Amino acid sequence: HPKVSDRVQNMNESATIKMSQKARELRAQGHEVISLSLGEPDFDTPEHIKEAAIQALHDGKTKYTPVPGILPLRDAIVDKFKSDNGLEYSVNQIVVSNGAKQSLANACLALLNPGDEAIILAPYWVSYIEIAKLAGGKPVVVSAGIEQDFKVTPKQLEAAITDKSRVVMFSSPSNPTGSVYSREELEALAEVLRKYPNIIVIADEIYEHINFGDKHTSIASLDGMLDRTVTINGFSKGYAMTGWRLGYMGAPLWIAKACAKIQGQTTSGANSFSQEAAVIALRNKSDEMDIMRKTFEKRKRLVSDKLREIPGIQVPNPTGAFYIFPNVSSYFGKSSGVTKIANADDFAEYLLTEAHVATVSGSAFGNDDCIRISYAASEKELNTALDRIKAALEKLK
Ligand code: PLP
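Just so we're aligned, residue 6 is where the sequence shown starts under UniProt numbering, counting upward by one.
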């Protein structure tokens with residue numbers, strides 16, 4: 006048959022999906038596999054949000070929606086940006102989408118020409134690279150290791166900037182590391198960026214509400230940054246609404262218009278009853294989000310304490326999201342007698358086949374020394390998984 010486009014041929018398959026597939030195979034063979042590889046909360050959507058969607062269906066909210074989102078939701082997002090983040094957007098600067106992922110894709114499609122450089126702060130969320138490439142851009146990776154808490158310095162950022170640089174993309178709180186850029190750290194990055202007015206920041210704040218440290222800072226709230234930042238957020242993580250497919254951006258008007266234009270010719274407006282329910286999610290805050298955040302924080306402590314008991318693992322102290330990204334490189338070169346561990350891919354695969362615990366190799370996120378452990382799992386599962394990991398690693402010599 007004829008071939009698929011170069012665009013698709015140049016695309017990497019998601020590593021997370023590959024691990025899930027292997028885990029499924031082991032399960033089919035009767036093994037009890039614990040999955041710590043997922044990027045979604047294990048909680049259900051709060052009841053009052055579900056009720057709002059059901060009500061919307063009964064009210065006949067089943068038609069096409071305006072491309073940039075229903076007005077009550079965009080109004081609620083304007084208020085949210087103002088009260089939570091100190092960002093002053095007008096309603097026509099808000100574009101609602103089918104998930105933060107679509108907002109990221111829209112922003113890249115709107116901003117990148119072939120050959121333009123997209124600076125991506127690593128460890129990065131896997132899709133940034135593929136989305137930038139899909140949009141014709143060239144990913145330029147700036148890496149930060151565990152010794153700098155996985156956060157790039159202003160010096161590193163500046164060194165990566167060329168006259169082809171068009172966007173800088175990062176998430177804070179971060180997937181995969183759980184690191185959070187402090188206000189001061191963002192200010193230092195903004196100071197560099199102010200010298201390069203042609204660069205637009207794409208700030209992915211989807212994990213904003215899962216933050217155990219200082220109050221979240223939006224880089225757009227810093228001096229001079231509002232007019233050159235696309236702030237991306239959504240409902241998947243903080244509200245446990247991954248399946249609802251709803252995200253949004255606040256952006257300079259010219260970018261918001263471009264994104265609405267793209268959406269108008271590709272997916273149209275997002276799901277009608279999801280949007281109605283999202284208004285309630287933003288307007289009627291419930292305790293559940295607080296409870297979820299506290300639960301994640303408790304699990305983080307559990308997982309990091311247990312990881313620290315394992316010799317040779319360097320354990321960071323993440324302050325957000327629901328991931329931990331330990332450095333496991335001291336195991337490289339060791340062997341169980343059957344399996345030799347050469348890198349993070351081998352390490353993650355060894356944990357899956359030997360301990361029946363699914364994690365994700367750091368190589369998927371631009372870091373070859375670490376693995377990502379998601380603690381969006383019950384305490385019981387986490388305890389068992391970490392005990393199994395410890396036992397499996399004791400076999401490596
Ligand atoms: N950005 C980051 C950093 C993520 O980890 C994810 C989900 O894994 C997304 C965006 C996608 O969010 P959504 O479900 O809203 O598309």
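Idealized CB from N, CA, C, for every residue including glycine. Keep in mind that this is a model prediction, so the values were computed, not measured.
Contact check between the segment 88-105 and the segment 302-320: fewer than three CB pairs, one atom from each, fall below 8 Å, which does not count as touching. By the Cβ-count criterion, Gly65 is exposed, with fewer than 16 other Cβ atoms from all chains shown falling within 10 Å of its own Cβ.
By the Cβ neighbour-count rule, Asp374 is buried, with 16 or more other Cβ atoms within 10 Å of its own. Following the DSSP letters along the chain, one finds Asn388 inside the alpha helix (DSSP H) bounded by residues 384-399. Note on Asp209: 16 or more other CB atoms within 10 angstroms of its CB, so buried under the neighbour-count rule. In the structure shown, the three-state DSSP call for Pro257 is coil. Distance from the CA of Pro71 to the CA of Ala57, rounded to the nearest whole angstrom, comes to 19 Å. Beta bridge pairing from DSSP links Leu126 with Val147. CA-CA distance, Asp168 to Ser179, rounds to 27 Å. Under the three-state reduction of DSSP, Thr271 is assigned to helix.
Selection Glu386, Ile124, Ser277 evaluated against Lys68 yields Ser277 as nearest (Cα-Cα). At least one heavy atom of ligand 1 lies closer than 6 Å to the C-beta of Ser176. Near ligand 1, meaning a beta-carbon closer than 6 Å to one of its heavy atoms, we find Gly44, Gly104, Ala105, Lys106, Trp130, Ser176, Asn180, Asp209, Ile211, Gly239, Ser241, Thr247, Gly252.
At the C-beta level, Phe337 and Ile329 stay beyond 7 Å of one another. Under DSSP, Tyr328 forms a beta bridge with Ser379. Judged by DSSP in its simplified three-state form, Met174 adopts strand.
Here Lys169 carries a coil assignment [DSSP, helix/strand/coil]. With 16 or more other Cβ atoms from the protein chains shown falling within 10 Å of its own Cβ, Arg79 counts as buried. Taking a cut-off of 8 Å for Cβ pairs, the segment 131-142 and the segment 108-118 touch, as three or more such pairs fall below it. Ser102 is the residue among Ser102, Asn372, Ala81 whose C-alpha sits nearest the C-alpha of Thr272.
Inside the segment 11-90, DSSP marks whole alpha helix (DSSP H) runs of 4 or more residues at positions 11-14, 20-33, 52-63, 76-90, from first to last along the chain.
Considering only Lys138, Ile99, Leu162, the residue with the shortest C-alpha distance to Asn118 is Lys138.
The residue from Lys299, Ser366, Leu198 with its alpha-carbon nearest to that of Phe48 is Lys299. Annotation for Ser177: Val185, Tyr186 place their beta carbon closer than 6 Å to its own, counting only its chain and skipping 5 residues before and after. Between Pro181 and Arg377, the CB-CB gap stays under 7 Å. In this structure, Glu302 lies near Phe217, with their beta-carbon atoms less than 7 Å apart. Bounds of the alpha helix (DSSP H) holding Ser309 are 293-313.
The DSSP-derived three-state label of Ser102 is strand. Residue nearest to Asn372 within the set Ile82, Pro73, Tyr129 is Tyr129 (criterion: CA-CA distance).
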